[in-house]
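There are 2 protein chains.
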Amino acid sequence: MDGGTMLAPVAREESLTEKVYRSLRGALTGGRLVPGQRLVHRALAAELGVSPTPVREALLRLVSEAALELDARGIAWVPRLVPERYQEIVELRVELEGRATARATQLATPADLAALRALHAGVAEGRRTRNPALVLRENERFHFALLELARMPVLTRLVESLWLQAGPTINLLFRPGAPAVQGAHPHEDLLAAMAAGDAPAARRAMERDLREHAALITQALQSAAPPTPGK
Amino acid sequence: MDGGTMLAPVAREESLTEKVYRSLRGALTGGRLVPGQRLVHRALAAELGVSPTPVREALLRLVSEAALELDARGIAWVPRLVPERYQEIVELRVELEGRATARATQLATPADLAALRALHAGVAEGRRTRNPALVLRENERFHFALLELARMPVLTRLVESLWLQAGPTINLLFRPGAPAVQGAHPHEDLLAAMAAGDAPAARRAMERDLREHAALITQALQSAAPPTPGK
DNA sequence: ATATCGCATTTGCTATAGCAAACAACAAGA
DNA sequence: TCTTGTTGTTTGCTATAGCAAATGCGATAT
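So the protein lines, in turn, are chains A and B. Under my numbering, think of the first position of the first sequence as 1, with each following residue one higher. Under my numbering, think of the first position of the second sequence as 1, with each following residue one higher.
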């Protein structure tokens with residue numbers, strides 16, 4: 001019997017370490033972990049119903065990506081982002097995502113653009129219904145879908161790392177109070193520029209999107225506890 | 001007894017995981033690990049005289065930094081860099097290190113510049129004595145010392161990640177055969193521009209340094225086995 | 001000589017155990 | 001009341017053990 005092309009997709013389910021890693025990652029970008037919070041691996045393991053080993057591995061992995069830090073005793077915690085560092089992350093995202101946007105504009109097909117538009121609809125919906133959590137989640141999907149189009153895997157990975165570093169702080173500070181920015185959402189200018197094949201304009205729109213968003217966060221960061229040691 | 005300010009620096013020796021991590025990292029950037037090589041954690045543990053646990057953790061850490069990959073079975077190995085991906089890494093380094101160079105030019109003190117010059121002397125020495133390993137090591141020290149001056153920790157971390165990804169391939173292909181580039185070494189132009197406080201010129205020199213070096217590697221990459229599966 | 005089957009080995013993954021350092025809480029003394 | 005000392009607990013770190021899947025090798029059959 002041949003059986004050449006009808007084999008099941010192999011499955012190969014992911015390891016527990018991987019599952020825990022993804023779970024923590026989602027918790028970081030989703031705001032379920034806040035800056036300053038400590039993650040005790042044994043407690044986490046008990047909570048998740050697994051042994052300490054995979055939890056510890058997942059935590060160390062996040063530490064090596066700078067998404068978490070280890071205190072003097074070796075306990076993992078979510079770092080607090082000082083404004084300076086947040087600004088640096090923003091500048092780097094502007095550069096990297098701007099570059100990717102220009103490239104994506106050159107490579108995107110009409111189908112790609114339609115997909116992006118669908119994702120932006122999610123952002124718009126969250127905005128209309130005053131649902132910050134939804135906005136942030138859909139916004140992330142939009143940005144990474146765009147990065148995917150640029151076919152720059154190394155760059156994408158760097159941006160993922162930056163996203164993870166800023167995630168908890170952004171989630172903490174991004175509150176419904178934000179006054180809806182006037183005029184078109186930068187994503188809309190971005191999509192229009194991409195449709196027109198205008199890479200520089202698309203890049204500028206992306207930069208505006210990032211900086212406008214960052215301005216809200218920075219403002220909240222400043223007004224929040226400045227050099228607070230925190231508990 | 002008081003003992004306020006005379007206490008020893010605490011020491012707090014690093015963990016085995018950390019030691020193994022550093023060891024592997026050095027092996028990657030130092031060319032002792034070549035693309036395609038597999039790293040079996042139990043074998044490595046036996047070789048290093050430790051238990052498999054810290055070795056496994058160190059390997060996973062490197063995997064999460066894209067310095068290593070896991071094959072279908074979960075065995076860590078040094079990825080082969082296709083030319084496309086190498087080019088992407090170079091472009092990102094040009095952007096990131098270029099930016100850092102401009103900033104470092106504004107912040108550097110005369111003492112900083114003297115330290116950089118001393119480091120470059122090491123590179124020049126390695127070049128004179130036709131010692132590629134020395135050149136690569138001293139070159140790395142030079143670049144990271146410069147990054148340090150820019151006071152951009154997030155960017156520096158990204159560059160470290162890129163360095164680690166490209167390290168094994170560069171070490172593999174950087175051979176003494178390289179014809180000494182004519183004229184001044186780009187580092188010298190760079191140092192001169194920094195001394196003059198000319199940030200744009202310093203940035204251009206850095207970009208030239210990176211691209212010239214990359215050109216040699218790319219050439220070797222092309223002439224080497226193209227899509228070779230390798231053993 | 002080639003192909004197929006079976007078994008021993010390799011190897012990653014997860015759980016568990018013990019150790020030592022750090023920490024916290026409480027008791028005793030000044 | 002405040003300090004000091006003691007003890008029990010927490011917690012990271014390392015080692016070890018068992019499992020299961022994959023691999024590799026050798027034997028047997030055609």
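Quick reminder that beta carbons are idealized off the backbone N, C-alpha and C, glycines included.
Beta-carbon of Ile217(A) versus every beta-carbon of chain B: anything under 9 Å?
-> no
What in chain B is Cβ-close to Ser51(A), meaning under 8 Å?
-> Those do not exist, as Ser51(A) stays about 13 Å from chain B at its closest Cβ, beyond 8 Å.
Within the chosen definition, does the segment 111-129 of chain A reach the segment 125-143 of chain B through at least 3 CB pairs nearer than 8 Å?
-> no
Between Glu95(A), Leu147(A), Phe142(A), which lies nearest to Arg117(A) when the distance is taken from Cα to Cα?
-> Phe142(A)
Relative to chain A, which residues along the segment 85-100 of chain B have a C-beta separation below 9 Å, given in chain order?
-> Arg85, Glu88, Ile89, Glu91, Leu92, Glu95, Leu96, Arg99
Beta-bridge partners of Ala76(B), as assigned by DSSP = Leu39(B), Leu70(B)
In the segment 55-87 of chain A, which residues sit with their C-beta less than 7 Å from some C-beta in chain B, listed in chain order?
-> Glu57, Leu60, Arg61, Ser64, Glu65, Ala66, Arg85
In or out: Leu107(B) buried (at least 16 other Cβ within 10 Å) or exposed?
-> exposed
When DSSP labels each residue in this structure, what does His185(B) get in the three-state scheme?
-> coil
Under three-state DSSP, which class holds Met152(A)?
-> coil
Continuous alpha helix (DSSP H) stretch holding Ala214(B): start and end | 199-223
Name the residues in the segment 132-160 of chain B whose C-beta lies less than 8 Å from a C-beta of chain A; which are they?
-> Met152, Pro153, Val154, Leu155, Arg157, Leu158: these are the residues of the segment 132-160 of chain B whose beta carbon lies less than 8 Å from some beta carbon of chain A, given in chain order.
Can you list, in chain order, the residues of its chain whose CB lies under 6 Å from that of Glu304(B), leaving out five sequence neighbours each side?
-> Absent from the structure is residue 304(B), since the part of chain B shown begins at 1 and ends at 231.
Can you give the beta carbon distance from Thr17(B) to Glu65(B), rounded, assuming they're within the 8 Å contact cut?
-> Not a contact, Cβ separation roughly 14 Å.
Can you give the Cα-Cα distance for Ala149(A) and Ala202(A), rounded to whole angstroms?
-> Just to set this straight, residue 149(A) is Leu in the shown sequence, not Ala. Answer to the nearest angstrom: the Cα atoms are 13 Å apart.
Are the C-beta of Thr17(A) and some C-beta of chain B separated by less than 9 Å?
-> yes
Report the residue from Leu221(B), Ala205(B), Thr218(B) whose alpha carbon sits nearest the alpha carbon of Val94(B).
-> Nearest option by C-alpha distance: Ala205(B).
Which of the three DSSP states, helix, strand or coil, is assigned to Lys231(B)?
-> Because Lys231(B) sits at a pLDDT of 35, beneath the cut-off of 50, its placement in the model cannot be relied upon, and the following sentence gives the value as read from the coordinates. Three-state DSSP puts Lys231(B) in coil, outside helix and strand.
DSSP three-state call for Ser15(B): helix, strand or coil?
-> coil
Please name the residue, chosen from Leu92(B), Ala76(B), Ala196(B), that lies closest to Thr109(B) on a Cα-to-Cα basis.
-> Ala196(B)
At a cut of 8 Å, does the segment 79-93 of chain A reach the segment 45-59 of chain A through at least three beta carbon pairs?
-> no
Starting from the C-beta of Arg208(B), find all residues in its chain whose C-beta is less than 6 Å away, skip the five residues before and the five after it, and write them out in chain order.
-> Only Pro186 meet the Cβ criterion.
Exposed or buried, what is Gly74(A) when buried is set at 16 or more other beta-carbons lying within 10 Å of its beta-carbon?
-> exposed
Interface flag, Gln165(B) vs chain A, CB-CB below 9 Å | yes
Measuring alpha carbon to alpha carbon, tell me which of Leu210(A), Thr156(A), Leu136(A) ends up nearest Gly26(A).
-> Leu136(A)
Check Thr29(B) in the structure and name its three-state DSSP category.
-> helix
Are the beta-carbon atoms of Pro54(A) and Ser15(A) separated by less than 9 Å?
-> Yes, these two residues count as a Cβ contact at 9 Å.
Does the beta carbon of Leu162(A) sit closer than 9 Å to a beta carbon anywhere in chain B?
-> Yes, because at least one Cβ of chain B sits closer than 9 Å to the Cβ of Leu162(A).
Between Leu164(B) and Ala67(B), is the Cβ-Cβ spacing less than 9 Å?
-> Here Leu164(B) is near Ala67(B), since their CB atoms are less than 9 Å apart.
Which first and last residues belong to the alpha helix (DSSP H) in which Ser64(B) is found?
-> 52-64
For Val20(A), which of helix, strand or coil comes out of DSSP?
-> Residue state for Val20(A) is assigned as helix, using DSSP reduced to three classes.
Would you check if the distance between the CB atom of Ala166(A) and the CB atom of Ala102(A) is smaller than 9 Å?
-> no
What does a CB cutoff of less than 7 Å around Met152(B) pick up in its chain, not counting 5 residues either side in sequence?
-> Ala100, Arg103
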